[in-house]
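If you're matching positions, the sequence shown starts at 12 in my numbering and goes up one per residue. Here's the structure we're looking at; comments come further down.
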Amino acid sequence: YGRESVNTIKKTLNKEHLINSNIFIFNQGQANFIAESHAIAHNQIDCVILIANSLEGSKIINEIYKTNQHVAIYSHWSTIGGSFFETSKEALQNLDLRIFQTFSFLHNKNAVSTTLREAYLKKYAKTRDRRIVSENAVAQAYDAINLLAQAVKEANSTDGQKIKHALENLHGMQGAIKY
Numbered sequence: 012y013g014r015e016s017v018n019t020i021k022k023t024l025n026k027e028h029l030i031n032s033n034i035f036i037f038n039q040g041q042a043n044f045i046a047e048s049h050a051i052a053h054n055q056i057d058c059v060i061l062i063a064n065s066l067e068g069s070k071i072i073n074e075i076y077k078t079n080q081h082v083a084i085y086s087h088w089s090t091i092g093g094s095f096f097e098t099s100k101e102a103l104q105n106l107d108l109r110i111f112q113t114f115s116f117l118h119n120k121n122a123v124s125t126t127l128r129e130a131y132l133k134k135y136a137k138t139r140d141r142r143i144v145s146e147n148a149v150a151q152a153y154d155a156i157n158l159l160a161q162a163v164k165e166a167n168s169t170d171g172q173k174i175k176h177a178l179e180n181l182h183g184m185q186g187a188i189k190y
């Protein structure tokens, strides 16, 4: 999804007549972000839109912090999953990181979301803070499995083509994220 997001960001920036001067593309599993961090500093970039999973996101954040840069970093929920906070603790205390969160269990009035949250915490929460590390991923996985189950039921078959057709023509379903 990262490279496709780059195309969308470019189109939006151009539409809004905003300067789009540098794009750095990296690969999932990349271990070193020194070159990207130095390029950000060298080009005097003051804002970074970060599209990364938590492992690479943590490494990028830490590398930007090591080079003592003062940039605003905007990212999405996937960046802060896993052990992101534990591995980026010092950097996060000194950087301006803002996360776009499109879903949260907190103050969610959707009955399916509330039920899912309580069931998840009952089964998996082992710490006192009873925190769900990646709320959006939990809800998306729950909804995806239920959409697939509903499609199998409506297709009355396990044939891939029939399930695909049923998925494309589902008759609505109450999900954790959307209904």
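All C-beta atoms, glycine included, are put in the ideal place defined by N, C-alpha and C. Note that this is a predicted model, so its numbers are computed, not measured.
Contact between F35 and A50 holds: CB atoms are separated by about 6 Å, below the 8 Å threshold.
In the three-state DSSP reduction, H87 falls in the strand class (E or B).
Cβ contact annotation for S99 (same chain, cutoff 7 Å, sequence separation greater than five): S69, I72 and N73, in chain order. Residue V82 holds the alpha-carbon nearest to the alpha-carbon of L108 among V82, I56, E146 and T126. Under a 10 Å Cβ-count criterion, T90 is classified as buried, with 16 or more other Cβ atoms of the shown protein chains found around its own Cβ. Taking the Cα of E97 as reference, the smallest distance to any Cα among K22, L66 and R14 is reached at L66. In this structure, A150 sits near A187, with a CB-CB distance shorter than 7 Å. Straight across, the Cα-Cα distance linking L24 with N18 is about 10 Å. Looking from the CA of F44, the closest CA among T78, G93 and H28 belongs to T78.
Comparing C-alpha distances from K164 to each of A177, Y153, L106 and T126 shows the shortest one belongs to A177.
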